[in-house]
Structure formats: structure tokens, C-alpha cells
Amino acid sequence: MIKNTLTSPDDDIVNVTTGRPPAYVVHDLLHLQDIFGDHLELLRGRRVLDIGSGTTEMARYLHEEYGISRAKQLDWWYDANRHKLRRLVCVTHTKKDILHWIKKNTRYLISGTVNDTTVGDSTQDLVTSSHLLRHFEKREELEKAFLEIYRILKPGGMAVIVPIHRGKVKLITSLLEAYQINHEWIPITPEYKIEGRQFRLIITK
Ligand SMILES: C[S@@+](CC[C@H](N)C(=O)[O-])C[C@H]1O[C@@H](n2cnc3c(N)ncnc32)[C@H](O)[C@@H]1O
Numbered sequence: 022m023i024k025n026t027l028t029s030p031d032d033d034i035v036n037v038t039t040g041r042p043p044a045y046v047v048h049d050l051l052h053l054q055d056i057f058g059d060h061l062e063l064l065r066g067r068r069v070l071d072i073g074s075g076t077t078e079m080a081r082y083l084h085e086e087y088g089i090s091r092a093k094q095l096d097w098w099y100d101a102n103r104h105k106l107r108r109l110v111c112v113t114h115t116k117k118d119i120l121h122w123i124k125k126n127t128r129y130l131i132s133g134t135v136n137d138t139t140v141g142d143s144t145q146d147l148v149t150s151s152h153l154l155r156h157f158e159k160r161e162e163l164e165k166a167f168l169e170i171y172r173i174l175k176p177g178g179m180a181v182i183v184p185i186h187r188g189k190v191k192l193i194t195s196l197l198e199a200y201q202i203n204h205e206w207i208p209i210t211p212e213y214k215i216e217g218r219q220f221r222l223i224i225t226k
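Heads up: the sequence shown begins at 22 in the numbering used here, then just goes up one per residue.
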């Protein structure tokens with residue numbers, strides 16, 4: 022198990038039980054484990070990208086625990102090539118901690134925004150994004166993000182986006198239908214301890 026040196030700022034809303042991954046990968050992994058069960062190693066050799074990963078260590082964890090060596094994570098606050106911070110990080114860690122974190126995770130990091138990932142067309146087998154798009158309010162913002170996620174997915178690929186509040190389901194459905202993007206809504210169980218009724222959105226290409 023990876024040593025837990027950094028914890029997610031959202032720890033208090035996560036139900037971390039024995040045998041679960043460390044808190045800083047728990048949001049995304051709980052959802053993946055729901056979908057793939059104990060068969061995450063099926064993603065070996067596949068390209069997996071977590072968007073808006075924050076200080077989680079999703080990609081490193083997938084590599085070290087499941088042998089998924091092509092897992093990467095993308096966020097806009099670090100410069101992955103130059104080991105620098107590009108903008109203020111909305112977490113409680115010190116700058117020293119963060120720079121250490123970047124160094125430790127460099128091989129897994131991609132800098133960019135969800136609207137323009139710089140990732141190639143049709144290259145990703147699985148895209149995950151947790152606690153990012155729920156902050157997007159405007160249709161145009163959501164549209165750009167979804168079109169970008171769809172663009173980078175391989176045909177046959179899947180995106181898992183969590184959590185989406187039920188108030189946004191109608192808007193996102195109309196948006197995805199306008200672009201004929203295949204999708205499915207799955208209610209999220211209370212295990213995730215998120216307020217209100219929330220859904221997991223699965224997009225397939
Ligand atoms: C609430 S954190 C979620 C972190 C992690 N996915 C989790 O579930 O614990 C949201 C992250 O999204 C990043 N973010 C915000 N807007 C973004 C954008 N337009 N493109 C890429 N990342 C973004 C933030 O920097 C932050 O690290």
C-alpha cells in the first residue's frame with residue numbers, strides 16, 4: 022500500500038473503511054471498483070486518465086496496485102514538466118509538500134484543463150473525473166468539458182464522471198443528446214456520503 026503522506030481536503034466526506042484505498046484516491050476508486058469489481062487489472066495496458074485529480078495519487082495507485090502503467094492524471098494547477106505550481110492550490114498542504122508531491126508523481130501527471138486537455142483524439146480507454154464537473158454551472162462550460170472528454174475517448178472507451186447532482190441531470194442529458202453521445206445515469210449509493218441525490222454519469226463512445 023502506498024504510504025499516506027498527503028490526504029484529500031475532502032477526507033471528512035469520505036467513508037474510509039478497512040481495506041479501502043487511502044483517502045486520497047478514494048473518490049475515484051470507489052466508483053471504478055463498483056464498475057469493475059476486483060478486476061481493475063483488466064485495464065492493464067490501457068490508457069486511463071483522471072481529470073481534475075487534485076492531490077489524489079490515482080494514477081500512481083492504479084499502477085502500483087493494479088499494474089495499470091499507462092494511467093495518468095490531469096489538473097491545471099501544476100506544471101508537470103517544470104515541477105512548478107501554475108496557480109494557487111485550493112488545498113491545505115504547504116508549498117513544500119506540494120512540490121514534493123509533484124516530484125513523486127511526475128511520471129503520471131499531465132498539466133491542462135478539462136476544456137483543452139492537449140491529449141490526442143481517440144486515445145483514452147477510460148476517463149474518470151470526480152468532484153470537478155459538479156462545480157460547472159453554465160451550459161457552455163459543461164458542453165466544452167463533455168465534448169473534450171468525448172474527443173479524447175477511444176471508440177469503445179468509457180468515461181465515468183461523478184458526482185452529478187440530480188438538478189443538473191436534465192441539462193446534461195439534453196446536451197449529450199444534442200451531440201448523440203451515449204450515456205447512462207446511475208444513482209450513487211449513500212455510501213459516498215454526499216448531500217442530496219447524486220448520480221454517476223457513464224459516457225461510452
Ligand atoms: C474538488 S477537487 C477533486 C479532486 C479529486 N478528483 C477528488 O475527487 O478528490 C477538484 C480539482 O479539479 C481541478 N480543476 C478545477 N477546474 C479545472 C479545470 N478546468 N481543468 C482541470 N482541472 C480543474 C482543481 O484544481 C482541483 O484539483
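Just so it is clear, CB atoms sit at the ideal spot from N, CA and C, and this is done for glycine as well.
Review point. What three-state label does DSSP hand V249 in the structure shown?
Key: With the chain represented from 22 up to 226, any question about residue 249 goes unanswered, as that position is not in the structure.
Check your understanding: Among L192, V183, K124, G88, which has the Cα closest to the Cα of D100?
Key -> Numbered from 1 along the sequence shown, position 79 holds the residue referred to as residue 100. Comparing alpha-carbon positions, the option among L192, V183, K124, G88 lying closest to D100 turns out to be K124.
Point to revise | Validate contact between the stretch 184–200 and the stretch 87–100 using beta carbons, cut 8 Å, 3 pairs | key: Because the criterion of three Cβ pairs below 8 Å is not met, the stretch 184–200 and the stretch 87–100 do not touch.
Exercise for review: Run the proximity test for L130: is its beta-carbon closer than 6 Å to any non-hydrogen atom belonging to ligand 1?
Suggested key: Position 109 of the sequence shown holds residue 130. For ligand 1, not one heavy atom lies less than 6 Å from the Cβ of L130.
Review point. Whose C-beta lies closer than 7 Å to the C-beta of V190 among residues of the same chain, with five residues either side of it excluded?
Key: Working through the sequence shown from its first residue, we reach residue 190 at position 169. Excluding its 5 nearest sequence neighbours in each direction, V190 has C-beta neighbours in its own chain below 7 Å: W206, F220, listed in chain order.
Exercise for review: Could you pull out every residue in the same chain whose Cβ sits closer than 6 Å to the Cβ of T115, ignoring the five residues on either side in sequence?
Suggested key: As a working mapping, residue 115 is identified with position 94 in the sequence shown. Excluding positions up to five away in sequence, the list is empty.
Check your understanding: What do you reckon, is the C-beta of H152 under 6 Å from a heavy atom of ligand 1?
Key -> Here residue 152 refers to the residue found at position 131 when the sequence shown is read from its first residue. Yes, since a heavy atom of ligand 1 falls inside the 6 Å radius drawn around the Cβ of H152.
Practice item. Please report the residue range of the alpha helix (DSSP H) in which N126 lies. Key: The sequence position of residue 126 within the sequence shown is 105, counting from 1. Membership of N126 in the alpha helix (DSSP H) is indicated by the continuous run 116–126.
**Study point:** Burial state of K93 (16 or more Cβ within 10 Å)
**Key:** Residue 93 sits at position 72 when you count from the first residue of the sequence shown. So K93 ends up on the buried side.
Check your understanding: By the 10 Å Cβ neighbour count, where 16 or more other Cβ atoms means buried, how is Q201 classified, buried or exposed?
Key -> The residue you call residue 201 lines up with position 180 of the sequence shown. In summary, Q201 is exposed, with fewer than 16 beta-carbon neighbours lying within 10 Å of its beta-carbon over all protein chains present.
Check your understanding: Would you call P176 buried or exposed, if buried means 16 or more other Cβ atoms sit within 10 Å of its Cβ?
Key -> Residue 176 sits at position 155 when you count from the first residue of the sequence shown. That one is exposed.
Review point. If you drop the 5 nearest sequence neighbours on each side, which residues of the same chain put their C-beta closer than 7 Å to that of D137?
Key: To locate residue 137, count along the sequence shown from 1; it is residue 116. E169, listed in sequence order.
Exercise for review: Taking only heavy atoms of ligand 1 into account, decide whether any of them is closer than 6 Å to the Cβ of T227.
Suggested key: Since the displayed the chain opens at 22 and closes at 226, residue 227 lies outside it and no answer follows.
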